[in-house]
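Keeping their order, the protein sequence lines are chains A and B.
Read in order, the letters of the first sequence correspond to residues 2 to 328 in my numbering.
Read in order, the letters of the second sequence correspond to residues 2 to 328 in my numbering.
There are 2 protein chains.
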Amino acid sequence: MANVSVLTESDIRALVGLGHDELTAIEAVYPLISEAVGSMPPIQRLDVPEHNGEIDIKSAYLPGFDGIAVKISAGFFDNPRRGLPSLGGLMLVFETETGLPAAALFDNGYLTNIRTALAGAVAAKHLARADAHVVGIVGAGMQARLQVEAVQLVRDIDQILIWARRPEAATELATSLTRELGIEASVVASPGDTVTTGGIVVTTTPSTEPLITKAMLRPGLHLTAIGSDAEHKQELAVQAVIAADVFVSDSRRQSKRLGELRAVHDAGLDRTTVELGEVIAETSNGRNTDDQITICDLTGTGAQDTAIASLVMNRARAQNAGQTIAT
Amino acid sequence: MANVSVLTESDIRALVGLGHDELTAIEAVYPLISEAVGSMPPIQRLDVPEHNGEIDIKSAYLPGFDGIAVKISAGFFDNPRRGLPSLGGLMLVFETETGLPAAALFDNGYLTNIRTALAGAVAAKHLARADAHVVGIVGAGMQARLQVEAVQLVRDIDQILIWARRPEAATELATSLTRELGIEASVVASPGDTVTTGGIVVTTTPSTEPLITKAMLRPGLHLTAIGSDAEHKQELAVQAVIAADVFVSDSRRQSKRLGELRAVHDAGLDRTTVELGEVIAETSNGRNTDDQITICDLTGTGAQDTAIASLVMNRARAQNAGQTIAT
Chain A
2 MANVSVLTES DIRALVGLGH DELTAIEAVY PLISEAVGSM PPIQRLDVPE
52 HNGEIDIKSA YLPGFDGIAV KISAGFFDNP RRGLPSLGGL MLVFETETGL
102 PAAALFDNGY LTNIRTALAG AVAAKHLARA DAHVVGIVGA GMQARLQVEA
152 VQLVRDIDQI LIWARRPEAA TELATSLTRE LGIEASVVAS PGDTVTTGGI
202 VVTTTPSTEP LITKAMLRPG LHLTAIGSDA EHKQELAVQA VIAADVFVSD
252 SRRQSKRLGE LRAVHDAGLD RTTVELGEVI AETSNGRNTD DQITICDLTG
302 TGAQDTAIAS LVMNRARAQN AGQTIAT
Chain B
2 MANVSVLTES DIRALVGLGH DELTAIEAVY PLISEAVGSM PPIQRLDVPE
52 HNGEIDIKSA YLPGFDGIAV KISAGFFDNP RRGLPSLGGL MLVFETETGL
102 PAAALFDNGY LTNIRTALAG AVAAKHLARA DAHVVGIVGA GMQARLQVEA
152 VQLVRDIDQI LIWARRPEAA TELATSLTRE LGIEASVVAS PGDTVTTGGI
202 VVTTTPSTEP LITKAMLRPG LHLTAIGSDA EHKQELAVQA VIAADVFVSD
252 SRRQSKRLGE LRAVHDAGLD RTTVELGEVI AETSNGRNTD DQITICDLTG
302 TGAQDTAIAS LVMNRARAQN AGQTIAT
């Protein structure tokens, strides 16, 4: 009844990555989220307690995008004992006009990594100082690496400062980034040492306790927090969030529930928040002066999945990539 | 990272149908639902108003089944103008122990049709009189046909009585059933004429107003209502539901929200309800005497999807059916 493109992770890696067109596609979703056009239902969560697993399902419809993505993410935390990765998943794409299945993207989480990295670049593009050239990274996982690569799309970076809980992981990442990007990368002794006057910091950890405090902030800093995406996670001290001149969120509602605003509200405090889409659409102010401190909290949205998955679908069709199944 | 079976509708039709093993698989889920083992989150619904469409996502984890199904059903009601079906969808199956993707079942809704028909047969098996031999059908769509075929797995049927809003559709179904099953099938003048003493009736319509009233009930009747699966639907008059000697539901919670108990509660009335799983497990009484009137309200559950999809996955592997994609 329909022709469905079936793509493996290697097919998908050949089609999309950290490029300018991908950045533009992700940038386009934030004003739509803020104007509440389209639909983005609450996450469906299926618990599999006997196997220490959970399956999360996100979906979003955005007018103007050719596809509707349904993303199914699996986290099965006993998998490493079997030599399998804890995290996986795939995306399905449906035709926006007819609901017919259009593509099955067996990406093993690659597209989530890409769209998350690009979200960080979008935040830096609109909030970091134009002359920002130092990136501090807290954490040394997949996103630590990808955030550095993505921010190069929007700023000329010449120095990378890395802190991670495990120093050997930080050293390994620094060595690898210097070799691959040709940029000086060094390991620093504390999360605060990743912060520079006028620089950029991205926090990328699953921390449940604050790593960045108010005392660590410096004039002109832009900080993006991407770690907290669940009720128990937190990377920024409440007073750091309060102290920022401008506080931005991808989704105000999600930040209060899953992101850095949760602890602020739990402390009985309030924090003026603008959405990234309002800054992009210039209906709210982002940074006004070089001295201001800006913080952006990214919790992740199904809208980003729909944007990146639509791009994959369209490129796969144009290039006849993957396999086509006549259902 | 994983080997995923990709199956088309014709692959799937060759693997499962209205058979005894399929009936056993569906029957096994109801006690699990009633004991609340496993997980079955609320349906995720994504609205696509600009294209008169909606996407519903159901999932369920049941201990003891090899797969976890995620079913994505699309209803895009402008599709007929384009010569496309309104309803479609697919199921994904994940390994229960690892969460890895195991199968993509592009069934276009076939498996939902099958598991719904088998649910009707399970209800008749446990609630209809042992000597029931006449089946009345209200409606003339796909489920009308499949319910007749499925009930033959559990009772010896020698007469079929059909009523539908469009008489020509009823006539067409009767002719086709007589030809294909070799059973006398006739069209009757009103919904009440489908009811016989000691017989079975299945209502299969999307009606929003009652079709079966208290006055139509006869001693020994078993009636299964499968039409109502949404807040605005109703096939049975409130007083008919109240009058039954035994009222059974696949899921008490869903019947109150989406099924025939909704109107009962809206009328300020109460109705003793047992679950189908309790009847199967013999922890609650079903029919006690040949004269009792039994009614079963089926709203449909993600647990049934997980049962039928696991069966497809296992058979596909055993028979090397479909295509295997290395992700």
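Even for Gly, the Cβ is constructed at its ideal location relative to N, Cα and C.
To the nearest angstrom, how far is the alpha carbon of Ala322(B) from that of Ala264(A)? As the crow flies, the alpha-carbon of Ala322(B) is around 52 Å from that of Ala264(A).
For the beta strand (DSSP E) containing Ser60(B), list its first residue and its last residue. Per DSSP, Ser60(B) is one residue of the beta strand (DSSP E) stretching across 54-61.
Looking only at C-alpha atoms, which of Ala104(A), Thr195(A), Leu128(A) sits nearest to Ala3(A)? Here the closest residue by C-alpha is Ala104(A).
Closest by C-alpha distance to Arg250(B), when choosing among Gly68(B), Thr273(B), Phe78(B): Residue identity check: residue 250(B) is Ser in the sequence provided, not Arg. In terms of CA proximity to Ser250(B), Thr273(B) leads the group Gly68(B), Thr273(B), Phe78(B).
Which residues, taken in chain order from the segment 33-62 of chain B, show a beta carbon closer than 7 Å to some beta carbon of chain A? Listed by position along the chain: Ser40, Pro42, Gln45, Arg46, Leu47, Asp48, Val49, Glu51, His52, Gly54, Ile56, Ile58, Ser60, Tyr62.
Could you run through the segment 89-100 of chain B and flag, in chain order, every residue whose CB is less than 9 Å away from some CB of chain A? So the list reads Gly89, Gly90, Leu91, Leu93, Phe95, Glu96, Thr97, Glu98, Thr99, Gly100, given in the order they occur along the chain.
Partners in chain A for Thr9(B), counting only beta-carbon separations shorter than 8 Å: Chain A residues near Thr9(B): Ile326, Ala327, Thr328.
In the DSSP output, what is Lys257(A) paired with across the bridge? Its beta-bridge partners do not exist; DSSP assigns none.
Taking 8 Å as the threshold, find out whether the segment 298-316 of chain B comes into contact with the segment 301-316 of chain A through three or more Cβ pairs. Touching, no, given that fewer than three Cβ pairs across the two stretches are closer than 8 Å.
Looking at the unbroken beta strand (DSSP E) that takes in Arg46(A), where does it start and where does it end? Run containing Arg46(A): 45-49, per the beta strand (DSSP E) assignment.
For Ser11(A), tell me which candidate among Ala70(A), Glu36(A), Leu106(A) has the shortest Cα-Cα distance. Closest by alpha carbon: Leu106(A).
In this structure, what does DSSP give as the bridge partners for Pro102(B)? Answer is Phe95(B), bridged to Pro102(B).
Give the DSSP-derived three-state secondary structure of Ser285(B) in the structure shown. In the structure shown, Ser285(B) adopts coil according to DSSP, grouped into three states.
Pairwise C-alpha distance: Val71(A) and Val49(B): Val49(B) and Val71(A): Cα-Cα distance of roughly 13 Å.
Tell me whether Val38(B) is buried or exposed, calling it buried when 16 or more other Cβ atoms sit within 10 Å of its Cβ. The residue is exposed, with fewer than 16 neighbouring Cβ atoms inside 10 Å.
List the whole-angstrom C-beta distance separating Gly90(A) from Ile73(A), where the pair is believed to meet the contact cut-off of C-beta under 8 Å. Confirmed, about 5 Å.
Where does Glu36(A) fall in DSSP's three states? In this structure, Glu36(A) counts as coil in the three-state DSSP scheme.
Is the distance from the Cβ of Leu178(B) to the Cβ of Pro192(B) below 8 Å? Their beta carbons are not under 8 Å apart, which means Leu178(B) does not touch Pro192(B) by this criterion.
Hey, quick one: how far does the beta strand (DSSP E) through Thr113(B) stretch, first residue to last? Premise fails: Thr113(B) lies in the alpha helix (DSSP H), 111-128, not in any beta strand (DSSP E).
contact_flag[the segment 116-123 of chain A, the segment 21-30 of chain A] where n(CB pairs < 8 Å) is 3 or more: Using a C-beta cut-off of 8 Å, the segment 116-123 of chain A makes contact with the segment 21-30 of chain A, since at least three inter-stretch Cβ pairs fall below that distance.
Does DSSP put Lys234(A) in a helix, in a strand, or in coil? DSSP places Lys234(A) in coil when its eight states are reduced to three.
Which of helix, strand or coil DSSP assigns to Ile243(A): Reduced to three states, the DSSP call for Ile243(A) is helix.
By DSSP, does Gly84(A) sit in helix, in strand, or in coil? Gly84(A) falls in the coil class under three-state DSSP.
According to DSSP, is Gly76(B) helix, strand or coil? Strand.
Short of 8 Å Cβ to Cβ, which residues in the segment 263-283 of chain B face chain A? So nothing in the stretch comes that close.
So, does the segment 126-144 of chain A touch the segment 164-174 of chain A, judging by three or more C-beta pairs under 8 Å? As far as the Cβ criterion goes, the segment 126-144 of chain A touches the segment 164-174 of chain A, which means the pair count is three or higher.
Spell out whether any CB of chain A is found under 8 Å from the CB atom of Leu24(B). It does not: the Cβ of Leu24(B) has no partner Cβ on chain A nearer than 8 Å.
Within the segment 187-239 of chain B, ranges of the beta strand (DSSP E) (whole runs, at least 3 residues): Unbroken beta strand (DSSP E) runs of no fewer than 3 residues, entirely contained in the segment 187-239 of chain B, are found at 201-204, 223-226, following chain order.
Status (buried if at least 16 other CB within 10 Å, exposed otherwise) for Asn109(A): Burial call: buried.
CB-CB under 6 Å to Thr9(B), same chain, minus the five flanking residues each way: which ones, in chain order? Excluding residues up to 5 positions away in sequence, Phe107 lie with their Cβ nearer than 6 Å to the Cβ of Thr9(B) in the same chain.
Note down, one range per segment and in chain order, each beta strand (DSSP E) of at least 3 residues found wholly within the segment 155-190 of chain B. Listed in chain order, the complete beta strand (DSSP E) runs (minimum 3 residues) inside the segment 155-190 of chain B are 160-164, 185-188.
Taking Gln45(A) and Ile58(B) to be in contact with their CB atoms under 8 Å, please state how far apart those CB atoms are, rounded to whole angstroms. About 6 Å separates the two Cβ atoms, so the contact holds.
Return the first residue and the last residue of the alpha helix (DSSP H) that Gly140(B) is part of. DSSP places Gly140(B) outside any alpha helix (DSSP H), giving it a letter other than H or E.
Measuring straight from C-alpha to C-alpha, what distance separates Ala231(A) and Asp267(A)? Straight-line Cα distance between these residues: approximately 14 Å.
Looking at the C-beta of Ile161(B), does it have a partner C-beta in chain A at a distance below 8 Å? For Ile161(B), the answer is no, since every Cβ of chain A falls outside 8 Å of its Cβ.
Three-state class that DSSP yields for Val268(A) in the structure shown: First, the residue type needs correcting, since residue 268(A) is Ala and not Val in the sequence shown. Residue state, collapsed to three classes: coil.
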